[in-house]
Each structure stands twice: as C-alpha cells, then as structure tokens.
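One structure is given here, and the rest of the page talks about it.
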Amino acid sequence: MSELKLMKGNEALAEAAIRAGVDAYFGYPITPQSEVIEYLMTERPEERTGMVVLQAESEVAAINMVYGAASTGKKVMTSSSSPGISLKLEGISYLAGAELPSVIVNVVRGGPGLGTIQPSQADYFQSVKGGGHGDYKLYVLAPSSVQEMADFVEDAFDIAFKYRAPVLILSDGLIGQMMEKVNLKEQQVRLTDEEVIKLNGDWATTGKTKNRERNIITSLDLQSEKMEARVRRLMKKYEQMEQEDMRYEEFQTEDAEYLFVAYGSSARIAQKAVQLARAKGIKAGLLRPITLFPYPKKVLFDLADQVKGILSVELNAGQMVEDVRLSVEHKVPVEHFGRTGGIIHTPEEVLEALEQKFIK
Amino acid sequence: MNVLDIIKPENQVFCKSKLMTDTTLSYCPGCGHGTAHNLAMEVIDEMGISEDTIGVAPVGCSVLAYDFMNIDITQAAHGRAPAVATAIARTWPEKYVFTYQGDGDLAAIGTAETIHACNRGENIVIIFVNNGIYGMTGGQMAPTTLEGMRSSTSPYGREIESMGSPLKMTELVANLPGVHYVTRQAVHTHKHARKAKKAIKKAFENTRLKKGLSFVEIVSNCNSGWKMTPLESNIWMEENMFPYFPLGDIKVNGILK
Numbered sequence: 001m002s003e004l005k006l007m008k009g010n011e012a013l014a015e016a017a018i019r020a021g022v023d024a025y026f027g028y029p030i031t032p033q034s035e036v037i038e039y040l041m042t043e044r045p046e047e048r049t050g051m052v053v054l055q056a057e058s059e060v061a062a063i064n065m066v067y068g069a070a071s072t073g074k075k076v077m078t079s080s081s082s083p084g085i086s087l088k089l090e091g092i093s094y095l096a097g098a099e100l101p102s103v104i105v106n107v108v109r110g111g112p113g114l115g116t117i118q119p120s121q122a123d124y125f126q127s128v129k130g131g132g133h134g135d136y137k138l139y140v141l142a143p144s145s146v147q148e149m150a151d152f153v154e155d156a157f158d159i160a161f162k163y164r165a166p167v168l169i170l171s172d173g174l175i176g177q178m179m180e181k182v183n184l185k186e187q188q189v190r191l192t193d194e195e196v197i198k199l200n201g202d203w204a205t206t207g208k209t210k211n212r213e214r215n216i217i218t219s220l221d222l223q224s225e226k227m228e229a230r231v232r233r234l235m236k237k238y239e240q241m242e243q244e245d246m247r248y249e250e251f252q253t254e255d256a257e258y259l260f261v262a263y264g265s266s267a268r269i270a271q272k273a274v275q276l277a278r279a280k281g282i283k284a285g286l287l288r289p290i291t292l293f294p295y296p297k298k299v300l301f302d303l304a305d306q307v308k309g310i311l312s313v314e315l316n317a318g319q320m321v322e323d324v325r326l327s328v329e330h331k332v333p334v335e336h337f338g339r340t341g342g343i344i345h346t347p348e349e350v351l352e353a354l355e356q357k358f359i360k
Numbered sequence: 361m362n363v364l365d366i367i368k369p370e371n372q373v374f375c376k377s378k379l380m381t382d383t384t385l386s387y388c389p390g391c392g393h394g395t396a397h398n399l400a401m402e403v404i405d406e407m408g409i410s411e412d413t414i415g416v417a418p419v420g421c422s423v424l425a426y427d428f429m430n431i432d433i434t435q436a437a438h439g440r441a442p443a444v445a446t447a448i449a450r451t452w453p454e455k456y457v458f459t460y461q462g463d464g465d466l467a468a469i470g471t472a473e474t475i476h477a478c479n480r481g482e483n484i485v486i487i488f489v490n491n492g493i494y495g496m497t498g499g500q501m502a503p504t505t506l507e508g509m510r511s512s513t514s515p516y517g518r519e520i521e522s523m524g525s526p527l528k529m530t531e532l533v534a535n536l537p538g539v540h541y542v543t544r545q546a547v548h549t550h551k552h553a554r555k556a557k558k559a560i561k562k563a564f565e566n567t568r569l570k571k572g573l574s575f576v577e578i579v580s581n582c583n584s585g586w587k588m589t590p591l592e593s594n595i596w597m598e599e600n601m602f603p604y605f606p607l608g609d610i611k612v613n614g615i616l617k
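Top to bottom, those sequences are chains A and B. First residue of the first sequence? That's 1 in this note's numbering, and the numbers climb one at a time after it. First residue of the second sequence? That's 361 in this note's numbering, and the numbers climb one at a time after it.
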C-alpha cells in the first residue's frame, strides 16, 4: 500500500530506501543528513526487509563498504554531506572505474572546508565535473522536493543497474531538513541471494561456480591499451545516458523572454520568482535540470533563440552558470545570481537580480 | 627412485593447488607471497568451499592476487579491504570472506578499517603478509620496518625518535574482544608452511562456525626490497624479524595466550 505522510526529506529518503528493497546502507553521521542513518537505525529494516544498516567508522570506510556490497551485485547505498563526500571521492572514483552499481546521496552544506551546516549548492562542480580522480562521470539526480527525495531512490537504482555505474542524488540541507507531505510507494520485496546471482552472476563476485569463469572486480588495468578500452567503455555509457536518460522540467517557458535556470532548492525559489515576475508583467520562465549530468544542453541551446537573457540561480558563487554558458554558445547573455555561506536567497532577491542584470 | 616414480601422485609431497591459475606469478623469485597464496587456496580447496568464497585483494604487491587465485575476488582501494570485506560478509552471511593484505595496506593506510573491522568482530579472515617494507612501490619504509632497517625512505636506517617504532598490529588487534583468533606464522620453510596452513585452515573453520574475526599474520621476506638474495633474506628474517615479531598463536578461541 502506498501511504501519505508528513516527513523530512532525509527521513523520506531513508523510508523510500527500505521500501525500494535496498539490500544495505552504510553511513557515517554528519549534519545536515544524520536523520538518514538515525531513521534507518530506528526503523530496524533488518526486521522489515532484511536490509543491512551499519554505522561505519568513517566516510572512507562507508563508501568502501558500498564498494564491497556492490561488487557482489547487491543494491547498496550511502549518504553524507559535503565534507564527508570529499572523503568518499576516492571510493566513488573506484566505483566508477570498477563499474559498480551504487547510490550515493549528498545533502549539501556550505564550504569550503568545514564550512557551515546550512544549505548550499556549492558541490555542483564536485558532482558533475568528476570530483575524484580519473576520467569518469556520475549520473546526478537533483531532487527539489521531499517527494523527489523519496522517488529518486528507486530511479537512482534503476539507472545504476542499467549502466553498472554509481549514481549521485545531489540534494541539500534545505530539501533534507524541510518537512513536506510525501506519497510513499508500497513495499517492494528485496531480491533473494539466488535472484541476485541470476541477475548479476555474469559479473558480480558471488562465489565462483563450476559453470563459469571467476569474476573479478577491479579498476586496475596495468596495460595501457586495456585501460584505454575501459575508459572508452565508460565514455560510451555516458553518451548513452545523454541520449536516453537526461531529465529536465520547464515552467512557463513557452512565451518566456527571460529564463531562470535552477536546480534543487533554488528551482523552488526561482519558480516563485517566475510568478512574481509575471505579476509585474515580465515574461519569465524556468528551466530546471533534474539530471545535472546528463545536462539539458540542447534544450538550453534552443531556448537561447527565444529569450533575451538567462540567469543561473544557484546557492553558490557561480558554478552551474559555466554549463549554461557552454550550452547556449554565446547566443544570449548569461549571468549568475546566488547567495553563499548557507544564506538562502528569496524569490524577491532573485527577481531583483534578473531586473538589475537584464532589464534596468 | 626414478623420475616416473617421483611424479606418481602417491609420492607427491607438495603441488600447486588446483585453485591456483596457470598465470605466471608477478612476484620476485624467492618471495613468500606465492607460497602464502598457495596455502590459502589449498585450504579453500580442501574444505570444499571455493564456490562460497569471496576474496578481497589489496593494493601492493598482491594487488594482482585475482590473476593467480581461481576464485571470485574484489580488489579494494589501498587499506580498505576490511571495510569491503565487512560489507560482503554482512550482505552474504553464509559466504567465506577473506582479505589478503600487506603491511603498508593493513598497518598504515588501512589502520582504521583494520581496527574497526576487528572490533566489530566481523565474520571474516584477514591474512596479513608482513615483510616490513613497501614492495610494490620500490622498497619504502613501512610501519613494520625494523629499527635501523634501511629502505628507500629510511636510507640511513629507521630512527625510532623521528619515525616511531615498528607497529605490532597483530598484538594490537588481539586485544579487541571481537577478534577470535590471532596467530603469527611464516612460510619460508616446509615446516613453517605446514604450520601456516593449519592456522589458515583454523581461520576459515572459524568463519564456518561464525566465530568472528580471525587474523593470520605471515612474516615474510622481501629479498628485492631488502636488497638481498632470497636465501640471505630468509636468514636475515629469522635473525631480525622473528625476535621482534615472534611466531606462534597470540589468541586462540577468544583467549589471549
């Protein structure tokens, strides 16, 4: 049975993980996402579905636990916040290199360094430009509501297993901490070990049986030609993601003369700014990338023919704006507006920025 | 006895385990890794558990263990094998999970993962090959490098004052309640190899009985890193490594010796 509840974003994500039939969660406490592991520990998912939950000794250990369970074909996830994700990046690079399906959640706070525990979107570069070492990308989903915190867990695992690749849910302290109503899907049955072997036994390390060669999980190829082939294989996956699984949402763009581009919590604020602008007679619209990689480049390129200016609205000092500029190829002026340090811009501030940069 | 008699199965004393592949070992001639690999594979074969065994390879000389062991293996990031093994054992509680790690991997960069996997009493086997040096990267100082021992990063010998004392990880983890079995072995002679095999077998038996963590240290040589002939390195090991890292059981059935 599906169920309507009032929940925090972090809790909705945790509950959705249990209901999606996730096999294991490994985490380490950090504000503002500790509710994820607290909720899981309180709910005893071991008894509900057999899901394993373990508090690791560090973010580094947690991501390597994800690597271990993922290498055996299990559905496994972790969550953290910015400084913790920095620690996980080594493991994330290994997950990408070894082609392991897995889900990582970043409930972003302000940085750099220990920064602040308040919401931020300053991990955009880290999320979409690699972050860890080597040639790889993450499929990045950016929820902008508590409902999407729940829904994206299943979506993320679908993509992770479709491509055998790590997927990042890039949330922030605002979406993680705020309460909204959320429609929770009904409980899915967790796969049995036999089903995991049947589905993933051609690559996962589930124990070598006589009817197959041994399975090896590694990101190492000491021969350059083999390593280059591996990198090319990864790039092919990313191309396929761009063709088949790019997601975005448009709001009042049909007749828009000015365009906001914003994701996650900023998209919620920008949506209100569109309404305020329209009330003043300014024809504004919003493009909200739902996946930050793959990025809606073509959509932006086409919208650039129609609008007079684009404002990239982000809770950071200007990161996604670079991708907006790359997408529109100088067809139209592109500016950035955003607060940092954990300050959340108001819709009025966003509208004022649009007016100042393009209209006045 | 002629050659034909010698190669008869009933006269065979030692042979390559069926679970070792035919891939040429990447280890230097004289190195103990090959023997340690073979012993682990013999135990897994004799126990009939190869279909239910998942190995975790480290970073270091034995990073390519998966080329030589004909079982499913996941290769972990440097030092993280105990965390990787933890997750495999937790999500597949009926499997036999072991890590195979060197001293740089286990006792330096992976210290936290080692101690916490041990402290949680994960139902896994850790095989820890200690040769007192970083072999793969070319003979740098390890946490287990002996006092006065020369390496490329302690070219005048390890100085305790500035570089600390050689770390006895095995004694350290033996004190943790989650650890069921701790032993220190060697593989440079037939006698030692037979003992080491018994120890590895006991460790995997503990997994079968769900006794928690078993920790088998193998003090080994690194003739290349130590810049000695294989024979010299084994003699040096007996004279210098064994006094500091004495062989024998340290904890059996959860009780310190």
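The C-beta atom is built at its ideal place from N, Cα and C for all residues, glycine as well.
{"Check": "Quick one: what's got a C-beta closer than 7 Å to A/V328's C-beta in the same chain, skipping five residues either side?", "Outcome": "L300, F301, A304, I310, V334"}
{"Check": "Is B/M407 helix, strand or coil when you go by DSSP?", "Outcome": "helix"}
{"Check": "Kindly indicate which three-state DSSP category A/E242 falls into: helix, strand or coil?", "Outcome": "helix"}
{"Check": "Using only the alpha-carbon positions, how far apart do A/G50 and A/R190 sit?", "Outcome": "8 Å"}
{"Check": "With 7 Å as the threshold, decide whether the Cβ of A/I269 is near any Cβ in chain B.", "Outcome": "no"}
{"Check": "Look at B/G439 and B/D463 and say whether their C-beta atoms are less than 7 Å apart.", "Outcome": "no"}
{"Check": "Can you round the beta-carbon distance between A/G173 and A/P119 to whole angstroms, since I take them to be within the 8 Å contact cut?", "Outcome": "3 Å"}
{"Check": "Should the region 51-66 of chain A be regarded as contacting the region 75-95 of chain A, the criterion being three or more beta carbon pairs within less than 8 Å?", "Outcome": "yes"}
{"Check": "Whole-angstrom Cβ separation of B/A447 and A/A24, contact assumed at under 8 Å?", "Outcome": "7 Å"}
{"Check": "Name, going along the chain, the residues of the region 37-61 of chain A whose beta-carbon falls closer than 8 Å to a beta-carbon of chain B.", "Outcome": "V52, L54, A56, E57, S58, V60, A61"}
{"Check": "Looking only at DSSP bridge pairs, what is B/V489 linked to?", "Outcome": "B/G462, B/I578"}
{"Check": "Determine the direct distance from the alpha carbon of B/A559 to that of B/S593, and round the result to whole angstroms.", "Outcome": "24 Å"}
{"Check": "Considering only C-alpha positions, which residue in the set B/F564, B/A467, B/K571, B/N362 is nearest to B/S620?", "Outcome": "The first residue shown for chain B is 361 and the last is 617, placing residue 620 of chain B beyond what the model contains."}
{"Check": "Evaluate B/V612 with the Cβ neighbour count: other Cβ atoms within 10 Å of its Cβ, from every protein chain shown; 16 or more gives buried, anything less gives exposed.", "Outcome": "exposed"}
{"Check": "What does a CB cutoff of less than 8 Å around A/V146 pick up in its chain, not counting 5 residues either side in sequence?", "Outcome": "M7, K8, G9, A12, I175, M178, M179, E180, K181, V182"}
{"Check": "Given that B/S410 touches chain A, what residues does it touch there, using C-beta distances under 7 Å?", "Outcome": "K208"}
{"Check": "Have a look at A/H336 and A/G115 and give me their C-alpha separation to the nearest angstrom.", "Outcome": "22 Å"}
{"Check": "Taking A/I310 as part of the beta strand (DSSP E), name the residues at either end of that continuous run.", "Outcome": "309-313"}
{"Check": "Taking the continuous beta strand (DSSP E) assigned at B/V618, which residues delimit it?", "Outcome": "Only positions 361 to 617 of chain B appear in the structure, and residue 618 of chain B is not among them; the question remains open."}
{"Check": "Is B/E473 close to chain A, meaning its C-beta is less than 7 Å from at least one C-beta of that chain?", "Outcome": "yes"}
{"Check": "Going along the chain, which unbroken runs of the alpha helix (DSSP H) with 4 or more residues stay wholly within the region 285-346 of chain A?", "Outcome": "297-303, 321-328"}
{"Check": "Distance, Cα to Cα, A/S102 vs A/F161?", "Outcome": "8 Å"}
{"Check": "Contact criterion: CB-CB distance below 7 Å. Does B/N430 meet it with respect to chain A?", "Outcome": "yes"}
{"Check": "With a cut-off of 7 Å, does the C-beta of B/V403 fall near any C-beta of chain A?", "Outcome": "no"}
{"Check": "Should A/Y94 be flagged as near chain B, meaning a C-beta pair shorter than 7 Å?", "Outcome": "yes"}
{"Check": "Any beta-carbon of chain A closer than 7 Å to the one on B/A447?", "Outcome": "yes"}
{"Check": "Kindly indicate which three-state DSSP category B/N583 falls into: helix, strand or coil?", "Outcome": "helix"}
{"Check": "Between A/R214 and chain B, is there a C-beta pair that is closer than 7 Å?", "Outcome": "yes"}
{"Check": "Between the region 421-438 of chain B and the region 390-398 of chain B, do at least 3 Cβ pairs fall closer than 8 Å?", "Outcome": "yes"}
{"Check": "Which class does A/V103 belong to by DSSP, given the choice of helix, strand or coil?", "Outcome": "strand"}
{"Check": "Within 10 angstroms of the Cβ of B/I404, are there 16 or more other Cβ atoms? Answer buried if so, exposed if not.", "Outcome": "buried"}
{"Check": "Let me check one thing: in DSSP terms, what residues is A/S80 bridge-paired to?", "Outcome": "A/N106"}
{"Check": "List the endpoints of the continuous beta strand (DSSP E) containing A/A24.", "Outcome": "24-27"}
{"Check": "Are the region 262-276 of chain A and the region 287-296 of chain A touching, with three or more C-beta to C-beta distances below 8 Å?", "Outcome": "yes"}
{"Check": "Using 10 angstroms around the beta-carbon of B/M361, count the other beta-carbons present and answer buried if the total reaches 16, otherwise exposed.", "Outcome": "exposed"}
{"Check": "May I ask which residues mark the beginning and end of the alpha helix (DSSP H) holding A/E195?", "Outcome": "193-200"}
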